[in-house]
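Note that the sequence shown covers residues -20 to -1, 1 to 302 in mature numbering (1 follows the signal peptide of the UniProt record, and there is no 0). For each residue, glycine too, the CB sits at the ideal point set by N, CA and C. What you are looking at is a predicted structure, and each value in this text was computed from that prediction instead of being measured.
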Amino acid sequence: MKKFLFFSTFLFLITHNAFADNTAVANSGSLSNSTAIGAAQANNVGNAGASVEMNSTNTGSAIPVGTPGFLNVAIPSPQIFVANPYAGPNNIAGITADDYLNSKCKPVYTKNGRSKVDVKSGATRNTQIVFTSYPDYQKYKYTNGSPEKVLPYFPAVSGNYICIGTLMITADNSPAAEAVVNGRVLGSDTENYVFDNIEGYSEVYFICPMSASGTGVGSNTTGNGFALGGAAAGLAGGNPAAAVLLALAASYQQSKASTHNSAQNGKNCWILGKPKNPEVGVPFKEGEYEEFLLAQAAEHVKRMEKLQPANGDGPKKYEVTK
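Printed below as a string of structure tokens:
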């Protein structure tokens, strides 16, 4: 009898363990947040007229999948290549020349005599031209056609001229323009603009002081990078093999950076016209602008001297010579 009871108990335990099935299934929604979910299994075990129900739920631990770091592209810092005295931007180089012409021409603006601005590409398509007129341009017109002669210098040592306006020409900011635009190209595009756009005078002059020229010398820097971010990991879904492949793909990174010196040559010019009456207009003479610059430098020296302490311990005095 005791042997029979021992055998029945042993058989019950074997049957219970055989039918009890507890499982855990991992499902990854993204590489950065994975959660294991245990499935509940209801087992009904019958033995000797008795029914036993056992419910078991197991929750697995969350095992996050590490995402790759994003790529930082190292781009060289831009620097200025000072190659000549005219290394500043062209629009800044022309400020003093514009002030000088305003002081000479003394324009009077009225409701019907305003300045006009015209922006166009140069004939070579590698430059941009900005022309700004003075009121005298329209006031003293005496022909209906374009000029017959265009000169890049004063035709005489001194004389009267009509203040037509100012012109700024600058090479485009592109490798193609850098390769072909030199001083002569700037001059050619300027004279073609005058022939094609200025009217009312038989002879026009574009005077472009060297000190009012700019080159905009500097550097042009570019860079890019690539890295597969963690957002793509959501494609893995519940497929462990896909998650592994994406994790491997995320380790792929690429970067590229380059820098090269660049320049935008440019000139700032005064556009003057030959008056019909030689007594009309504003008097100009050769070398006058250079004298204006020397006078400005002398004024600057005087201002610096006034800032020096009375005991003589201040900065060294500057001297200007002709």
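### Query
To the nearest angstrom, how far is it from the Cα of I109 to the Cα of P135?
Going from the Cα of I109 to the Cα of P135 covers about 24 Å.
### Query
From which residue to which residue does the alpha helix (DSSP H) around P155 run?
Where P155 is concerned, the enclosing alpha helix (DSSP H) stretches over P155 to V160.
### Query
Mapping DSSP to helix, strand and coil, what is Q288?
DSSP places Q288 in coil when its eight states are reduced to three.
### Query
Under the three-state reduction of DSSP, which class applies to F175: helix, strand or coil?
DSSP places F175 in helix when its eight states are reduced to three.
### Query
Taking the C-alpha atoms as reference points, what is the distance between L166 and T150?
In this structure, the alpha-carbon of L166 lies about 8 Å from that of T150.
#### Entry: N- and C-terminal bounds of the alpha helix (DSSP H) containing N82
Start and end: I75 to C85.
### Task
Using the Cα positions of Y66 and S199, report the straight-line distance between them to the nearest angstrom.
So the two alpha carbons sit approximately 16 Å from each other.
### Message
I believe S193 touches G246 by the beta-carbon criterion, under 8 Å. Please report the beta-carbon distance rounded to the nearest angstrom.
### Response
Going by Cβ atoms, the distance from S193 to G246 rounds to 7 Å, so yes, they are a contact pair.
### Query
Taking 8 Å as the line, does the beta carbon of A151 fall inside it for any heavy atom of the ligand SAH?
Within the structure as shown, the ligand SAH is missing, as the structure has no ligands at all.
### Query
Can you tell me whether S101 is buried or exposed, with buried defined as 16 or more other CB within 10 angstroms of its CB?
S101 comes out exposed.
#### Entry: CB-CB length for G196 against N70, believed under 8 Å
Confirmed, about 6 Å.
#### Entry: Length of the line joining the Cα atoms of G93 and Q288
Annotation: G93 to Q288 spans about 47 Å, alpha carbon to alpha carbon.
### Task
Could you check which residue in V260, V99, I251 and E128 has the C-alpha nearest to that of L81?
A check of alpha carbon separations from L81 across V260, V99, I251 and E128 identifies I251 as the nearest.
### Query
Among T123, G74, A156 and R105, which residue has its Cα nearest to the Cα of T112?
It is G74.
### Burial state of N248 (16 or more Cβ within 10 Å)
Buried: at least 16 other Cβ atoms inside 10 Å.
### Query
Can you tell me whether M148 is buried or exposed, with buried defined as 16 or more other CB within 10 angstroms of its CB?
Its Cβ being crowded by 16 or more others within 10 Å, M148 is buried.
### Message
For the beta strand (DSSP E) containing K256, name the first residue and the last one.
### Response
Taken as a continuous stretch (DSSP letters only), K256 belongs to no beta strand (DSSP E), as it is neither H nor E.
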